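Sequential numbering of the sequence shown, starting at 1442, is according to the working numbering. Glycine included, every Cβ here is placed at the ideal spot set by N, Cα and C. Owing to the predicted nature of the structure, the values given are computational and were not obtained by experimental measurement. Here is the structure we will look at.
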Amino acid sequence: MDRSPALLLKAAADGDSQAWHQIVDDYHRLVWSVARGFRLSAADAADVSQTTWLRLVENLDRIQNPDQLAGWLATTARRESLRLLRKARREIPDSEETDQNASFFGDADDDGDPETALVAEQDRSDLWDAFATLSERCRNLLRVVAVTPLESYAAVAEALGMRVGSIGPTRSRCLEHLKRALKALTSVPETAGP
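Structure below.
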C-alpha cells in the first residue's frame, strides 16, 4: 500500500520499520544519483547516502513540508556531497585515492590495452565537460532520470518541482543540448586549404 511521504515520515517517527523500508526503497536512487552527480567515488557516494539518511533521522520532527521529502533528501544529499568535497580538498590524497577510473559511468573495461582505457577515459571526460555546460535544471533532471525507473516520474517530478507531463519533453531537450555540446567539444575544426 502506497502512503504519502507525510504519512510515511510520521509512521517512521513512531517506530514503524516498514515505513522506513518504504522511504528508503522509494528514495535511495534519488539520494545516490545526487551524490554520484558530484562525481564522487562509490565509497564517498555511500558515505553521503548514509549521512543523508542519518540527517533524516535527526530531523524527522523538524521537516516543515513532509510531502516534499524528495526535495529535502536531494538538497541534503547535495549539501553533504559539497561538505565531503570541501573536506577532501583540505586533505592530501594518497595514490589509491586519486584513481579516477571509478565514475558515474562505471569503470572502463580493463582488457589490458592502455589505448582503449585512455580513449574511454577521454570519452568520459568529454561527456562530463559537455554535461557541465548544461543548465542546472538540465543537469539535475538528467542525473535523477538516469537512475529512476520510467514508471517513477512522479518521484522525479516531486524531487525537482516539475510537472510529470513536462519531464519527458524537458529530458529530450536537455539530451539534445548535451548532444550538441558534446559534438562542439569533440569535433575537429576544418582548416582552410591552400
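In the DSSP assignment, the alpha helix (DSSP H) including PHE1572 goes from what residue to what residue? 1555-1573
Measuring alpha carbon to alpha carbon, tell me which residue in ALA1622, LEU1471 and HIS1469 is nearest SER1566.
ALA1622
- Task: Flag this pair as touching only if the region 1511-1525 and the region 1488-1500 have three or more C-beta atom pairs under 8 angstroms; answer yes or no.
- Result: yes
Going by C-alpha to C-alpha distance, which of ASP1502, LEU1471, GLY1478 and ALA1460 sits closest to ALA1600? LEU1471
(Q) If contact is defined by three or more beta carbon pairs under 8 angstroms, each pair taking one atom from either stretch, is the region 1449-1468 in contact with the region 1498-1511? (A) yes
ask   = What's the C-alpha gap between ARG1584 and GLY1478?
value = 6 angstroms
For GLY1609, three-class secondary structure by DSSP:
helix
Do the region 1603-1615 and the region 1569-1582 meet, that is, are 3 or more Cβ pairs less than 8 angstroms apart? yes
Short of 6 angstroms in beta carbon distance, which residues of its chain neighbour VAL1475, apart from the five on each side in sequence? Order them along the chain. ALA1515, ALA1518 and ARG1519
Original post:
Start and end of the alpha helix (DSSP H) containing GLY1478?
Top reply: 1458-1478
Practice task
Compute the beta-carbon to beta-carbon distance between VAL1560 and GLU1521, rounded to the nearest angstrom, for a pair I have assumed lies under 8 angstroms.
Solution key: Incorrect: roughly 34 angstroms between the Cβ atoms, too far for contact.
Give a yes or no on whether the C-beta atoms belonging to LEU1616 and ALA1571 are separated by under 9 angstroms. no
task: Indicate the three-state DSSP secondary structure (helix, strand or coil) for SER1576 in the structure shown.
output: coil
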